[in-house]
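Peer 1: FYI, the numbering for the sequence shown is 129 to 662, going by the working numbering. Where a beta carbon is used, it is the ideal one built from N, C-alpha and C, also for glycine.
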Amino acid sequence: MFSTALSAGIDGMESRKVTVEADVSDGLPTFTMVGYLASETREASERVRSALRNSGLLLGVRHITVNLAPASLHKQGSSFDLAIAVALLIASDHLSKEAADGILFIGELGLSGRLNPVRGVLEIVSHAASFGCSMVIVPRQNLSEGSVISGTQVFGAENLVQVVGFLASRTGNLRLLKELDLRLMGDLNPGTLYQETIDLSEIRMIQKEQQKHDFSEIRGQKLLRRAAEVAVSGFHNLLMIGPPGAGKTLTAHCLSTIMPEMTDEEILEVSKIHSIAGTLPAEGLVTVRPYRNPHHTITKAALCGGGMPPVPGEVSLAHRGILFLDEFPEFDRSVIDTLRQPLEERVIRIARVSGNFTFPAGFMLVASMNPCPCGYFPDRSRCSCKASEVRRYLSKISMPLLDRIDLCVEARRIEYEELTSCPPEESSASIRRRVTKAIAIQERRYRGTPFRFNSDLTSDGVKEFCKLSNEEESFMGGIYDSMSLTARSYFRILKVARTIADLAGEQRILPEHLAEAVSFRAVDRKYWEDALEN
Numbered sequence: 129m130f131s132t133a134l135s136a137g138i139d140g141m142e143s144r145k146v147t148v149e150a151d152v153s154d155g156l157p158t159f160t161m162v163g164y165l166a167s168e169t170r171e172a173s174e175r176v177r178s179a180l181r182n183s184g185l186l187l188g189v190r191h192i193t194v195n196l197a198p199a200s201l202h203k204q205g206s207s208f209d210l211a212i213a214v215a216l217l218i219a220s221d222h223l224s225k226e227a228a229d230g231i232l233f234i235g236e237l238g239l240s241g242r243l244n245p246v247r248g249v250l251e252i253v254s255h256a257a258s259f260g261c262s263m264v265i266v267p268r269q270n271l272s273e274g275s276v277i278s279g280t281q282v283f284g285a286e287n288l289v290q291v292v293g294f295l296a297s298r299t300g301n302l303r304l305l306k307e308l309d310l311r312l313m314g315d316l317n318p319g320t321l322y323q324e325t326i327d328l329s330e331i332r333m334i335q336k337e338q339q340k341h342d343f344s345e346i347r348g349q350k351l352l353r354r355a356a357e358v359a360v361s362g363f364h365n366l367l368m369i370g371p372p373g374a375g376k377t378l379t380a381h382c383l384s385t386i387m388p389e390m391t392d393e394e395i396l397e398v399s400k401i402h403s404i405a406g407t408l409p410a411e412g413l414v415t416v417r418p419y420r421n422p423h424h425t426i427t428k429a430a431l432c433g434g435g436m437p438p439v440p441g442e443v444s445l446a447h448r449g450i451l452f453l454d455e456f457p458e459f460d461r462s463v464i465d466t467l468r469q470p471l472e473e474r475v476i477r478i479a480r481v482s483g484n485f486t487f488p489a490g491f492m493l494v495a496s497m498n499p500c501p502c503g504y505f506p507d508r509s510r511c512s513c514k515a516s517e518v519r520r521y522l523s524k525i526s527m528p529l530l531d532r533i534d535l536c537v538e539a540r541r542i543e544y545e546e547l548t549s550c551p552p553e554e555s556s557a558s559i560r561r562r563v564t565k566a567i568a569i570q571e572r573r574y575r576g577t578p579f580r581f582n583s584d585l586t587s588d589g590v591k592e593f594c595k596l597s598n599e600e601e602s603f604m605g606g607i608y609d610s611m612s613l614t615a616r617s618y619f620r621i622l623k624v625a626r627t628i629a630d631l632a633g634e635q636r637i638l639p640e641h642l643a644e645a646v647s648f649r650a651v652d653r654k655y656w657e658d659a660l661e662n
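1. Would the stretch 393-409 count as touching the stretch 250-260 if we require 3 or more Cβ pairs under 8 Å?
2. Leaving out the 5 sequence neighbours to the left and right, which residues in its chain are closer than 8 Å to S272 when beta-carbon positions are compared?
3. Can you check which of these residues, M161, S361, A136 and A256, is closest to E568 by C-alpha distance?
4. Assign F459 to one of three DSSP states: helix, strand, or coil.
5. Just to confirm, are E389 and R420 a CB contact at a threshold of 7 Å?
6. Grab me the residues of A355's own chain with a C-beta within less than 8 Å of its C-beta, minus the 5 sequence neighbours each way, in chain order.
7. Which residues in the same chain as L529 place their Cβ atom closer than 7 Å to its Cβ, once the five residues preceding and following it in sequence are excluded?
8. Can you give the Cα-Cα distance for A489 and P422, rounded to whole angstroms?
9. Going by Cα to Cα distance, which pick from G435, L237 and C502 is closest to L522?
10. Note down the Cα distance separating R461 from P470, rounded to an integer number of angstroms.
11. Using the three-state DSSP reduction, which class does M368 fall into: helix, strand or coil?
12. Pick from I277, M263 and G370: whose alpha carbon is nearest that of L321?
13. Which same chain residues, not among the five before or five after E600, have their C-beta less than 7 Å away from its C-beta?
14. Per DSSP, what are the beta-bridge partners of C536 in this structure?
15. Are the Cβ atoms of S206 and E168 separated by less than 7 Å?
16. Is it buried or exposed, E286, if we count other Cβ atoms within 10 angstroms and call 16 or more buried?
17. A625: which of R580, M604 and H381 sits nearest, CA to CA?
18. For the beta strand (DSSP E) containing I138, name the first residue and the last one.
19. Please give the ranges of any alpha helix (DSSP H) in the stretch 388-447, keeping only runs that are unbroken, at least 4 residues long and fully inside the region.
20. Assign N484 to one of three DSSP states: helix, strand, or coil.
21. Among V246, L201, C432 and A296, which residue has its Cα nearest to the Cα of D209?
22. Which runs of the alpha helix (DSSP H) spanning at least 4 residues fall entirely within the stretch 260-320, listed in chain order?
23. Which term fits N598, buried or exposed, when burial requires 16 or more other beta carbons within 10 angstroms of its beta carbon?
24. Per DSSP, what kind of secondary structure is A179 in: helix, strand or coil?
25. Start and end of the beta strand (DSSP E) containing E251?
26. Give me the residue from A380, S444, A650 and E357 with the minimum Cα distance to F456.
27. Over what stretch of residues does the beta strand (DSSP E) that includes T160 continue unbroken?
28. Rounded to whole angstroms, what is the Cα-Cα separation between F130 and G238?
29. So for A150, helix, strand or coil by DSSP?
30. Grab me the residues of R144's own chain with a C-beta within less than 8 Å of its C-beta, minus the 5 sequence neighbours each way, in chain order.
31. Which residues bound the alpha helix (DSSP H) around F452?
32. Under the assumption that F491 contacts L451 (Cβ atoms under 8 Å), give the Cβ distance between them as a whole number of angstroms.
33. Are the CB atoms of G241 and S183 within a distance shorter than 7 Å?
34. What are the partner residues of T564, as DSSP defines its beta bridges?
35. With a cut-off of 7 Å, does the C-beta of R144 fall near any C-beta of chain D?
36. Give me the Cα-Cα distance between G348 and D652, rounded to the nearest whole angstrom.
Structure below.
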């Protein structure tokens with residue numbers, strides 16, 4: 129007998145509908161699976177056969193053929209197990225064809241019949257309606273993320289018996305209900321499955337409480353604190369350079385505490401990425417902007433994404449949040465230079481023999497570094513590095529990459545008096561109020577445009593929203609020539625100045641805003657030019 133059941137898989141960042149076709153007939157007792165399958169998908173034959181037997185659902189000695197269509201799509205992962213089991217139960221006349229109508233089945237089966245969680249449920253459920261399904265059954269551990277999507281009924285189950293009991297009750301199959309071992313139903317009655325309601329505000333509160341640092345912990349460093357506030361207010365890239373122990377890493381950790389709250393659309397967008405990558409928190413959503421801090425031994429594939437099948441890398445996991453690279457020059461130069469394209473385009477494109485994949489990469493780059501191997505250049509009273517060593521160390525950061533960083537700020541050594549006698553420093557909550565006001569100004573300004581933050585502006589966007597008067601044009605003309613700016617760095621200065629003006633509540637960009645923005649481009653030149661001269 130022939131039957132079908134619907135499932136779905138993940139291809140890059142997109143879910144694809146997969147129709148599971150099963151044919152059960154008399155003949156040699158074989159279990160054949162076809163349809164361009166990866167090895168872990170092909171192994172479903174053994175998982176499903178054992179799960180059915182250990183759930184008390186016997187197929188008998190039959191000739192079984194399972195096809196996962198379309199055959200042109202490479203099927204990867206174990207999310208098709210549940211759909212295969214249901215299709216076989218229909219084909220062997222345990223369930224009626226109507227039992228699976230309008231239902232999408234997602235889940236990996238253990239040998240005991242237990243349903244194990246899989247990746248990408250949030251993305252799959254969000255497209256269930258377009259697949260012609262009004263109901264989705266997922267493993268209970270994936271129920272939280274699946275329940276986020278409105279307009280689709282999402283049910284969770286712990287094992288295969290619970291799913292079969294639900295389907296049998298749906299069509300009034302009393303014969304099968306009597307055959308089921310009700311002890312495997314757990315705390316459920318036949319015909320029911322688990323459901324969940326998501327409380328977004330509660331999840332936000334839980335995840336905010338996990339933030340451990342606050343700007344009040346940073347002593348002194350007024351310039352560093354100011355640069356951090358400007359960077360977050362416009363979502364600008366930030367480089368902190370200075371001696372060890374100055375507070376660069378602590379500042380980076382504190383940045384997430386002053387980031388603006390994510391919109392509902394951003395929460396869904398970010399959560400889908402983490403669902404596909406398998407890094408979604410237990411709450412089922414990412415409601416606080418991501419903060420990723422990879423070690424400097426990271427590979428290109430881990431940073432940018434890749435593998436077989438291709439999965440999101442750190443640049444995608446940091447989407448709408450912060451990618452912090454500590455000890456910046458210690459990263460392999462060829463690895464960090466791969467950031468040049470995503471920093472410009474906000475996406476990363478990966479080409480493989482199996483296809484081309486596009487992953488989101490709208491992150492805010494934050495990096496910290498010492499100015500030399502010993503950490504004290506250009507203070508020659510403390511720095512023992514040779515000029516060639518300093519040049520070699522700083523040259524690990526290519527100028528094209530440095531040109532894509534909007535703000536570069538020096539973290540100086542903290543004096544003893546600042547540590548012991550300074551009044552309490554401003555808290556993250558106070559700074560965040562100013563950031564929120566600046567973000568609100570940008571939201572109103574860019575409503576109806578493709579931009580959200582000042583850093584998103586294209587060259588045409590800069591011309592429209594960062595207009596300068598004759599006085600400011602003359603000022604920037606002198607700066608452009610004296611600092612030998614590139615077109616990219618010129619536009620980035622204007623975008624930073626726009627953010628500084630927003631923080632000041634000014635509609636126009638004034639000379640003082642431009643001067644402050646330019647000062648954040650002078651620090652990098654100080655170190656790199658000094659290294660070349662010495």
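Peer 2: On the basis of the coordinates in this document:
1. Note that the stretch 393-409 touches the stretch 250-260; at least 3 beta-carbon pairs, one per stretch, sit closer than 8 Å.
2. Counting only Cβ-Cβ distances below 8 Å, and skipping sequence neighbours, we find E324, I326, A410, E411, G412 and L413.
3. Glu is not the amino acid found at residue 568; the sequence shown has Ala there. Closest option to A568, judged by alpha-carbon separation, among M161, S361, A136 and A256: S361.
4. The answer is coil: DSSP assigns F459 none of H, G, I, E or B.
5. With contacts defined by Cβ atoms closer than 7 Å, E389 and R420 do not form a contacting pair.
6. Excluding residues within five positions, the ones whose Cβ falls inside 8 Å are L366, M368, L535, V537 and F648.
7. Counting only residues of its own chain and dropping the five nearest sequence neighbours on each side, L529 has a CB closer than 7 Å to the CB of I464, D465, L467 and R468.
8. So the alpha carbons of these two residues sit roughly 15 Å apart.
9. For the set G435, L237 and C502, the Cα lying nearest the Cα of L522 is the one of C502.
10. Distance between the alpha carbons of R461 and P470 is about 16 Å.
11. Of the three classes helix, strand and coil, the one that applies to M368 here is strand, per DSSP.
12. If we check each option's Cα against that of L321, M263 comes out closest.
13. Taken in chain order, the residues that qualify are I637, P639 and L642.
14. DSSP lists L367 as the beta-bridge partner residues of C536.
15. Yes, the pair counts as a contact, with Cβ atoms nearer than the cut-off.
16. So E286 ends up on the buried side.
17. Considering only alpha carbons, the answer is M604.
18. Counting along the chain, I138 sits inside the beta strand (DSSP E) bounded by residues F130 to D139.
19. Listed in chain order, the complete alpha helix (DSSP H) runs (minimum 4 residues) inside the stretch 388-447 are 392-405, 428-432 and 442-445.
20. Three-state DSSP puts N484 in a strand.
21. That would be V246, whose Cα lies nearest to the Cα of D209.
22. Correct list: 271-274, 288-298 and 302-307.
23. Its Cβ having fewer than 16 others within 10 Å, N598 is exposed.
24. Three-state result, A179: helix.
25. Looking at the DSSP string, E251 is not in any beta strand (DSSP E); the run it does join, the alpha helix (DSSP H), is V249 to S254.
26. For the set A380, S444, A650 and E357, the Cα lying nearest the Cα of F456 is the one of A380.
27. Counting along the chain, T160 sits inside the beta strand (DSSP E) bounded by residues F159 to V162.
28. CA-CA distance, F130 to G238, rounds to 25 Å.
29. Secondary structure of A150 (DSSP, three-state): strand.
30. Excluding sequence neighbours, R144 sits near A136, G137, I138 and L201.
31. Where F452 is concerned, there is no enclosing alpha helix (DSSP H), although the beta strand (DSSP E) it sits in stretches over I450 to L453.
32. Approximately 4 Å separates the beta-carbon atoms of F491 and L451; this is inside 8 Å, confirming the contact.
33. When the beta-carbon positions are compared, S183 and G241 come within less than 7 Å of each other.
34. Paired residues: none, contrary to the question.
35. Absence of chain D from the displayed structure is noted, only one protein chain being present.
36. Looking at the two C-alpha atoms, the distance is approximately 21 Å.
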